[in-house]
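Input: a single structure, listed below in structure tokens.
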Amino acid sequence: MKTSLLPAAAALLLAGTGCGSRSAAPAPEPIRLIVETDMGNDIDDALAFDLIYKAMDDGRVDLLAIGNHKLSPTATDYIDILNTWYGYPDIPLAQSPTPVLNDHAPDYTAAVCAMTREDGSPAFARSKTPEQIEDPVTLYRRTLAAQPDCSVTVLSLGFATELAKLLDSPADDISPLTGRELVARKVKTLSIMAGSYGEKQRAEFNVVNDIPAMRKLFAEWDTPIVQNPFELGKQVMYPGAAIENDFGWAKLHPVVEGYKNYHKMPYDRASWDLLSVVYLLHPEYFTESEPGTVAVDDKGFTNFTPGPDGRHRWLTATPEQLTRLRDCIVRTTTRAPKHTEL
């Protein structure tokens, strides 16, 4: 599928500053990133990881650690497939010991992990043994302790289960700081897909699946939080036509196969998690709210109270920004990655 760029977006691309571009201009220091995901609950997690790997290809991101809290026998295996296929097999990977069950949608990771070639061998290579899959809180503590102060960005693409446990973690052999102290010292910002601020506000999926954890996260996470709410992702639909038409360069693609196994093709899907990634790379594609404070109520609704001392903001986008976001996402995901054999 050919996508049309707005003149402003085209100018950015020609200038080497557009999303997914490969410019010879000096690159900023890579974003030191920790990602928490519920891979398998929705295909947007997989597409979001594609954006992350492409940003790594471009030297924009240093992916330090990945944690998964989806209750699934194949979700973490699928992340290992992604890391391996995109050329980053050594990224530390963790699986929650207390994952959250959600069985309302097909788990596309099972289908992809079960795929085989004609000779019966696995369709996609893995890199991790079961013994190399870590505990998330331990991995996050070790990762944060090893980084400079105020240098790490955390990206939350699912529930707050493990991040809340990180906040509650005590001092240990890894660090004399508690989890909350480690976050306050080492983390620069948290980009999170969560919540709802539409005309008909809802108890959003990532919040309602672990309300106590999300409440703790917003109350005790002592760094800026940028919230990407439900309504924004619905305004940037990922086109199923791109999956059908624009990946001919790949014989087998784990994200494409995941997309095809999530719902009956063809279908478009909201870009919820993808936007939290794009925000880190291109905040100018969004409109930020005034500062304030988010509180999570007992039913899973997020309530924003403006205030100059608040650490929280939430995102919207103008019609022009929405077009730029869609063009950026489609252009980047349909681009061949740098490291994998195609």
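Going by mature numbering (1 follows the signal peptide of the UniProt record, and there is no 0), the letters in the sequence shown line up with residues -24 to -1, 1 to 318, in that order.
Each residue gets a CB set at the ideal place from its N, CA and C atoms; glycine is no exception.
Note that the structure is predicted; figures quoted are calculated from it, not measured.
Cβ neighbour criterion (16 or more within 10 Å) applied to residue i
i           : result
residue 228 : exposed
residue 296 : exposed
residue 141 : buried
residue 294 : exposed
residue -2  : Confidence at residue -2 is low in this model, with a pLDDT of 49, below 50, so the placement of that residue should be treated as unreliable; the coordinate-derived value is given next. Counting Cβ neighbours within 10 Å, residue -2 comes out exposed, since fewer than 16 surround it.
residue 215 : buried
residue 230 : buried
residue 97  : exposed
residue 192 : buried
residue 53  : buried
residue 18  : buried
residue 285 : exposed
residue 273 : exposed
residue 125 : exposed
residue 95  : exposed
Beta-carbon proximity check, residue i vs residue j, cutoff 8 Å
i           : j           : result
residue 102 : residue 57  : yes
residue 308 : residue 222 : no
residue 196 : residue 143 : yes
residue 234 : residue 37  : no
residue 178 : residue 206 : yes
residue 283 : residue 269 : yes
residue 257 : residue 31  : yes
residue 51  : residue 85  : yes
residue 305 : residue 247 : yes
residue 322 : residue 190 : Missing from the structure shown is residue 322; the chain here goes from -24 to 318 and no further.
residue 155 : residue 315 : no
residue 115 : residue 158 : no
Sequence-distant residues of its chain with Cβ nearer than 8 Å to residue i (five each side left out)
i           : result
residue 118 : 150
residue 82  : 237, 238, 239
residue 219 : 232, 235, 236, 241, 242
residue 127 : 8, 162, 164
residue 4   : 36
residue 213 : 244, 245, 246, 247, 302
residue 108 : 69
Where residue i sits in the DSSP three-state scheme
i           : result
residue 259 : helix
residue 12  : strand
residue 292 : strand
residue 241 : coil
residue 173 : coil
residue 275 : coil
residue 64  : coil
residue 38  : strand
residue 312 : coil
residue 227 : coil
residue 59  : helix
residue 264 : strand
residue 43  : strand
residue 69  : strand
residue 22  : helix
residue 104 : coil
residue 166 : strand
residue 280 : strand
residue 179 : coil
residue -4  : Confidence is the limiting factor: at residue -4 the pLDDT is only 45, short of 50, which leaves the residue's position unreliable, though a coordinate-based value still follows. In the structure shown, residue -4 sits in coil (DSSP, three-state: anything other than H, G, I, E or B).
residue 200 : coil
Neighbourhood of residue i by C-beta distance below 6 Å, restricted to the same chain and skipping five residues each side
i           : result
residue 21  : 13, 15, 133, 249
residue 279 : 271
residue 200 : 165, 287
residue 276 : 179, 183, 184, 187
residue 112 : 43, 70, 72, 138
residue 65  : 59, 103
residue 210 : 246
Cβ shell of residue i (< 7 Å), same chain only, five flanking positions each side left out
i           : result
residue 186 : 76, 135, 136, 137
residue 6   : 35, 36, 37, 38
residue 208 : 251, 291, 292, 293
residue 173 : 205, 207, 280, 290
residue 93  : 99
Of the residues the options, the one placed nearest residue i, counting alpha carbons only
i           : options          : result
residue 72  : 60, 206, 258, 49 : 49
residue 68  : 277, 90, 44      : 44
residue 168 : 4, 181, 31, 306  : 181
residue 226 : 18, 313, 53      : 313
residue 129 : 28, 97, 152      : 28
residue 131 : 157, 304, 11     : 11
residue 261 : 298, 96, 273     : 298
residue 59  : 47, 90, 24       : 24
residue 202 : 254, 155, 154    : 254
residue 74  : 154, 47, 93      : 47
Heavy atom of the ligand NAD within 7 Å of residue i beta-carbon
i           : result
residue 270 : No copy of the ligand NAD occurs in the structure displayed, which carries no ligand at all.
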